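In our numbering, the protein residues as written are -8 to 85. Think of the CB as a built atom: it goes at the ideal place given N, C-alpha and C, for glycine as much as any other residue. Just so it is clear, the structure is predicted and the values come from calculations on it, not from any experiment. To start, the structure under review is shown below, and the notes come after it.
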Ligand code: SF4
Ligand code: SF4
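And the structure:
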């Protein structure tokens, strides 16, 4: 298994609550929205929600989120610990 690194450009994705395409398309449910400030949910506006790849270790690297993002705000690539990942894969690292 290869661990992936997911980056969201928050300058491009400013109001994820209005889009939600990555949340809907990800088969691994990697993304999560949270409130940047602690507020009552009933008082939160769309702009208050922040998107993060919260469950990134579950990412399979399918790239569906990258393809669906209308603002090209998501990047997914293999993490730079491939040597360790290879050792984990062979059972020589524990
Ligand atoms: S690459 Fe696939 S599994 Fe990973 S976050 Fe994007 S949609 Fe989800
Ligand atoms: S698909 Fe792109 S623009 Fe839409 S919420 Fe996800 S990161 Fe933001």
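- Annotation for residue 8: the continuous alpha helix (DSSP H) segment containing it runs 7 to 10.
- For residue 55, the enclosing alpha helix (DSSP H) has its first and last residue at 55 to 59.
- When the Cα atoms are used, residue 5 and residue 48 turn out to be separated by approximately 24 Å.
- In the three-state reduction of the DSSP assignment, residue 14 falls in the helix class.
- A contact is defined here as three or more CB-CB pairs under 8 Å, and the region 64 to 72 fails this definition with respect to the region 31 to 41.
- For the pair residue 14 and residue -8, the Cα-to-Cα distance works out to about 22 Å.
- Residue 67 has -3 as its beta-bridge partners, per DSSP.
- Between residue 44 and residue 24, the CB-CB gap reaches or exceeds 8 Å.
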